[in-house]
Amino acid sequence: MIPLQQGFSLDPQSLLNQYGPALINAAVTIVLFLVSFVIIYYVGKAIVVRMLNAALNSRDVDETIAGLVVSTVVAIMAVLAIVIAATIAGAGVVLAAFATLAGALALAVGFAAQDLISNFVAGIFIIQDEPFKVGDWIEWDGNVGVVREIQLRVTKLDTFDNEEVTVPNSDLASAVVTNPTGNDQLRVGVDFGIEYDDDIEAARAAILDEARKLDGALTEPEPAAPVTSLGDSAVVLSGRVWINPNETGYAPTAATFTEAVKKRFDAEGIGMPYPYTELTGSVDVESPDEAGYTATND
């Protein structure tokens, strides 16, 4: 039989006298903390969020960024409400320990999530600065795609072969991005080579006439067909026509333009030469006897 420790009593009255004040203090602290937190958080949230939404809407801030800002502020308010409520309730020691732990955790997460944070920040700048938007055709680092969706961490694009490409926002933010659809006018250029003996003016007239017939071709600026180079076997004219890239596709226009000019050149007898190499000189052929060889029988 194990004897009870000296001085320990199971008397309810004794236990109440011994631990009652501590339990009451703990209960009062918890209730005071909860009441303070609820009042500070929910009242403050209602006021701050309303003011913040009004300020963001008045400045036409993007909805994605506005939602992110509101969510961040609400999270900060929750932390502040915990700190203030704990201070009011008198839980200073617990609060200090919580702050130390939270600081260490934030530091560890910060080091582990550097790339994530970088992409996140880049996404905010992309959404706010709008170097491109959904539906734009962009080029970056030798890649081409049509923007499907801009998220805070990545941007999703579709290639011209309808393949989905997911690009981290930090890559797009640090790269030189070309946006051919960023303006209302885009020049479509196609090179046409003609023979040196052909009439340049006749070829230019044919190119310009076909350019004006293209669907979606703008009348201003006018189409042009300057001579851009003298090749080894051809005089090269650059057929240039302007389109609105938001209404007319670049690739279909270039393909239609090329086919139309080729058919026009064929109809008018304008040659389109291809590169070739011409060998000049002579070759002497000698018979075996003349070369000094004799036949022998074994």
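In this text, residue positions in the sequence shown follow this note's numbering: the first is 958, and each later residue adds one.
All C-beta atoms, glycine included, are put in the ideal place defined by N, C-alpha and C.
Treat the numbers as computed from the prediction; the structure is a model and nothing was measured.
Classification of residue 1153 by the beta-carbon crowding that lies within 10 angstroms, buried from 16 upward: That one is exposed.
Residue 1202 and residue 1137 closer than 7 Å at C-beta: Yes, Cβ-Cβ distance for residue 1202 and residue 1137 is below 7 Å.
Beta strand (DSSP E) segments (min. 3 residues) lying fully within the segment 1085-1132: As for any beta strand (DSSP E) of minimum length 3 sitting wholly inside the segment 1085-1132, the runs are 1094-1097, 1100-1107, 1111-1115 and 1121-1125, ordered along the chain.
Spatial distance of residue 1001 from residue 1204 (CA atoms): Answer to the nearest angstrom: the Cα atoms are 49 Å apart.
Bridge partners - residue 1143, DSSP secondary structure assignment: The partner list for residue 1143 (beta bridge, DSSP) reads 1200.
Under 7 Å between C-beta atoms of residue 1230 and residue 1191: Yes, the Cβ-Cβ distance between residue 1230 and residue 1191 is below 7 Å.
Helix, strand or coil at residue 1045 [DSSP, three-state]: Residue 1045 carries a helical assignment under DSSP once its states are collapsed to helix, strand and coil.
Nearest neighbour of residue 1074, chosen from 1006, 1111, 1207 and 1095 [CA to CA]: Out of 1006, 1111, 1207 and 1095, 1111 has the C-alpha closest to the C-alpha of residue 1074.
Proximity test, residue 1006 beta-carbon vs the ligand PLP heavy atom, cut-off 6 Å: Because no ligand of any kind appears in the structure shown, any question about the ligand PLP cannot be addressed here.
Given residue 1125 as reference, the closest of 1188, 1114 and 1135 once Cα atoms are compared: For the residues 1188, 1114 and 1135, the minimum Cα distance to residue 1125 belongs to 1114.
Residue environment, residue 1151, which counts as buried when at least 16 other CB atoms sit within 10 Å: Answer is buried; the Cβ neighbour count reaches 16.
Burial state of residue 1225 (16 or more Cβ within 10 Å): Exposed, by the Cβ-count rule.
Residue 1001 - DSSP class collapsed to helix/strand/coil: Here residue 1001 sits in helix by DSSP.
DSSP bridge partner residues for residue 1194 (one or two, in chain order): The partner list for residue 1194 (beta bridge, DSSP) reads 1149 and 1184.
The segment 1029-1048 touching the segment 991-1006, judged by at least three CB pairs closer than 8 Å: With a cut-off of 8 Å, the segment 991-1006 and the segment 1029-1048 count as touching, because enough Cβ pairs lie within range.
Distance, residue 1130 Cα to residue 1165 Cα: Approximately 40 Å, taken between the alpha carbons.
N-terminal and C-terminal residue of the alpha helix (DSSP H) that residue 1223 is part of: Element bounds for residue 1223: 1207-1225.
Among 1119, 1086, 1094 and 1217, nearest to residue 1149 - alpha-carbon criterion: Scanning 1119, 1086, 1094 and 1217 for the CA closest to the CA of residue 1149 turns up 1217.
Residues near residue 958 in its chain [Cβ-Cβ closer than 7 Å; skip 5 each side]: Note on residue 958: pLDDT 45, under 50, position unreliable in the model; the coordinate value appears next. Correct list: empty, nothing qualifies.
Where residue 1119 falls, given that 16 or more other Cβ within 10 Å makes a residue buried: A residue is called buried once 16 or more other Cβ atoms fall within 10 Å of its Cβ, and residue 1119, having fewer, is exposed.
Alpha carbon of residue 1107 to alpha carbon of residue 1089, nearest angstrom: Cα to Cα, residue 1107 sits roughly 9 Å from residue 1089.
Unbroken alpha helix (DSSP H) run spanning residue 1167, endpoints: Unbroken alpha helix (DSSP H) run through residue 1167: 1157-1170.
Collapsed DSSP secondary structure at residue 1135 in the structure displayed: Strand.
Bridge-paired residues (DSSP) for residue 1011: Answer by DSSP bridge pairing: none, since residue 1011 is not bridged.
Exposure label - residue 1237; buried when at least 16 CB within 10 Å: Exposed, since its Cβ has fewer than 16 Cβ neighbours within 10 Å.
Cutoff 6 Å; reference residue 1098; Cβ partners in own chain excluding five residues on either side: So the qualifying residues of the chain are 1132.
Contact under 7 Å by Cβ, residue 1147 with residue 1188: Against a cut-off of 7 Å, the Cβ pair of residue 1188 and residue 1147 comes out as no contact.
For residue 1221 and residue 1194, the rounded distance between their alpha carbons: Residue 1194 and residue 1221 have their C-alpha atoms spaced approximately 15 Å apart.
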